[in-house]
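Participant: Just so we're aligned, residue 13 is where the sequence shown starts under this note's numbering, counting upward by one.
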Amino acid sequence: MIPESVKELPRSTTPLQSPTSVPAPWQDVPAEKWNDWRWQLSHRLNTVEDFERVIRLTPNERKGLSAPGLFRVDVTPYFASLIDPDDPNCPIRRQVIPTGEELIPFEAEMTDPLAEDEHSPVPGVVHRYPDRAGLMVTTQCASYCRFCTRSRVVGDPFLNFGRDDFERGLAYIAATPQIRDVLLTGGDALVLAPRVLEDLLQRVRAIPHVEVIRMSTRVPIFLPQRINEELTSVIQKYHPVWMNINVNHPREITPEVETALARLANAGVPLGSQSVLMAGINDCPNIIMALMHKLVKNRVRPYYLYQCDLVQGAGHFRTPVAKGIEVMEALRGHTSGYAVPTFVIDAPRGGGKVPLMPNYVLSMSDSRVVIRNFEGFISTYVQPRHYEAHDPANCAYCQSQANDAGKDGISGLLAGQDLIIKPEGWHAHNKAKTD
């Protein structure tokens, strides 16, 4: 059921106009075609010959583009037009043009670093967290990032999700009442045909226990032409729909992207951002600061800054974790709190997102906490002498959860539901030692 408060959202009274100028070498393309998202998708660049017309390829890039069996290459003409043709270190270029480094293995690399296949109860559903699940609706994207966590499936022209897969996934979600949040993912749901996308939104919204629909997308960055009134009018019907925009460098936020983000925000879509920390692209506190400021200026709330996953072919993008902590030191206190994302490692083998931050707690006793701020100013917070602890027995919210299976991990220990956490195989291992 759609809440009454979001059934009808006011539309902007001022139409948003996308820039119509067509960059070289596409100046012979009429503006109406250049601004047509279907034209952009059907004219993507993917071969040495395609890219030679746009940039001066290096031998390393030629090696990457010519290597058999590598992750798929496709770049929209729009995004390719942002590449510096003379700079191999251009941050736009490095995200989408393969290089020979993709062929170099590294320690701990994995095909499925987040163990999503192990948390897939039915094909096309990833159910890692108790109250939310991802519904994979396509393996296709507008363009393909060279650091893609799902490169094992995304971009495969012979692998996709169809109606039977949708039916199984939707049936699983409908039969699992603890799922209150559904992420339409893939691939990128916004490359689906409009009729297919609306059908999926409608069917997910019809599941009574689903409160929120989410999408994680790079389409506003790779293909801002797709964010048109046809799309926003569809999304408005199925609110609350939340959207996280995947963006990694301030140069990606062009006037066209700003127009697309404004359309989404004006349609009542809460916008967040997800960025990956990558060597040679954005591993600089000043670059991240500039990106965060551009995002909040465009009504996008920074959400996650990811440590690069251990995915095959992406070893050259990885930074030490200390670089992410350095970035967070440069953000916290130096800009608005709502411009600071959460730095996370998506723990390998399916451990989920683990937040990391500088240590602001220096010491603690039962009466005082010694803390520091971003400037190194050290202070003491005096703890209360008398505190009447929360009593779950008298809390309606706690009682409403009384019949649940219980809390997992540390949360379960704090709630008093368990006293210990035993690693898998602990009993057998210790019994063997005793024997």
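Beta carbons: idealized from backbone N, C-alpha and C, even for Gly.
Taking 8 Å as the threshold (C-beta atoms), are residue 76 and residue 111 in contact?
Facilitator: yes
Participant: Compare the Cα-Cα distances from residue 388 to each of 369, 322, 174, 341 and report the closest residue.
Facilitator: 341
Participant: Short of 7 Å in beta carbon distance, which residues of its chain neighbour residue 164, apart from the five on each side in sequence? Order them along the chain.
Facilitator: 123, 124
Participant: Taking 8 Å as the limit between beta carbons, can you name the residues of its chain near residue 133, skipping five residues before and five after?
Facilitator: Closer than 8 Å at the Cβ level, and outside the excluded window around residue 133, lie 139, 184.
Participant: Which word fits residue 175, buried or exposed, when buried means at least 16 other C-beta atoms lie within 10 angstroms of its C-beta?
Facilitator: exposed
Participant: As a quick exercise: from 285, 344, 38, 436, pick the residue whose alpha carbon is nearest that of residue 421.
Facilitator: 436
Participant: Check whether the Cβ atoms of residue 81 and residue 137 lie closer than 8 Å to each other.
Facilitator: no
Participant: Among 225, 243, 384, which residue has its Cα nearest to the Cα of residue 206?
Facilitator: 243
Participant: Which runs of the alpha helix (DSSP H) spanning at least 4 residues fall entirely within the stretch 154-232, listed in chain order?
Facilitator: 175-186, 206-217
Participant: Buried or exposed, going by whether 16 or more other CB atoms sit within 10 Å of the CB of residue 413?
Facilitator: The residue is exposed, with fewer than 16 neighbouring Cβ atoms inside 10 Å.
Participant: Does residue 145 pass the burial test, meaning 16 or more other C-beta atoms within 10 Å, or should it be called exposed?
Facilitator: buried
Participant: Taking the DSSP output, what are the residues bridged to residue 391?
Facilitator: Residue pairing for residue 391: DSSP places it in a beta bridge opposite 383.
Participant: Which residues does DSSP list as the beta-bridge partners of residue 145?
Facilitator: 194
Participant: Could you tell me whether the Cβ atoms of residue 254 and residue 275 are closer together than 8 Å?
Facilitator: no
Participant: Quick check on residue 272: does DSSP put it in helix, strand or coil?
Facilitator: In this structure, residue 272 counts as helix in the three-state DSSP scheme.
Participant: What does DSSP give as the partner residues of residue 344 in its beta bridges?
Facilitator: 347
Participant: Use the C-beta contact count for residue 160: other C-beta atoms within 10 angstroms, 16 or more gives buried, fewer gives exposed.
Facilitator: Result: buried.
Participant: Quick check: residue 283 and residue 312, are their CB atoms within less than 8 Å of each other?
Facilitator: Taking 8 Å as the cut-off, the Cβ atoms of residue 283 and residue 312 count as close.
Participant: Starting from residue 105, follow the beta strand (DSSP E) in both directions and report where the run begins and ends.
Facilitator: Unbroken run through residue 105 is the alpha helix (DSSP H), 103-108; no beta strand (DSSP E).
Participant: Quick test of the definition: if touching needs 3 or more C-beta pairs under 8 Å, does the stretch 361-368 touch the stretch 394-404?
Facilitator: no
Participant: Should the stretch 324-333 be regarded as contacting the stretch 372-387, the criterion being three or more beta carbon pairs within less than 8 Å?
Facilitator: no
Participant: If we call anything under 8 Å between Cβ atoms a contact, is residue 246 one with residue 289?
Facilitator: no
Participant: Within this structure, are the beta carbons of residue 452 and residue 194 separated by less than 8 Å?
Facilitator: For the chain, the structure presents residues 13 to 447; residue 452 sits outside this window and is missing.
Participant: Do you know offhand how far residue 349's Cα is from residue 310's?
Facilitator: 16 Å
Participant: Since residue 115 and residue 79 should fall inside the 8 Å C-beta cutoff, what is the C-beta to C-beta distance between them, to a whole number of angstroms?
Facilitator: 6 Å
Participant: Report the three-state DSSP secondary structure of residue 277 (helix, strand or coil).
Facilitator: helix
Participant: Do residue 470 and residue 151 have their CB atoms nearer than 8 Å?
Facilitator: The chain is shown from 13 up to 447; residue 470 falls before or after that span and cannot be answered.
Participant: Using 8 Å as the threshold, is the C-beta distance between residue 304 and residue 297 below it?
Facilitator: no
Participant: Where does residue 93 sit, in a helix, a strand or coil, going by DSSP?
Facilitator: coil
Participant: From which residue to which residue does the beta strand (DSSP E) around residue 374 run?
Facilitator: Per DSSP, residue 374 belongs to the beta strand (DSSP E) from 373-376.
Participant: Mind checking residue 103: buried by the 16 CB within 10 Å criterion, or exposed?
Facilitator: Classification of residue 103: buried, given that the 10 Å Cβ count is 16 or more.
Participant: Whose CA, out of 380, 149, 158, 432, lies closest to the CA of residue 324?
Facilitator: 158
Participant: Mind checking which residues open and close the beta strand (DSSP E) that includes residue 285?
Facilitator: 283-289
Participant: Measure the C-alpha to C-alpha separation of residue 37 and residue 248 and round it to an integer number of angstroms.
Facilitator: 37 Å
Participant: Just the Cα atoms here: how many angstroms apart are residue 57 and residue 89?
Facilitator: 7 Å
Participant: Is residue 56 helix, strand or coil by DSSP?
Facilitator: coil
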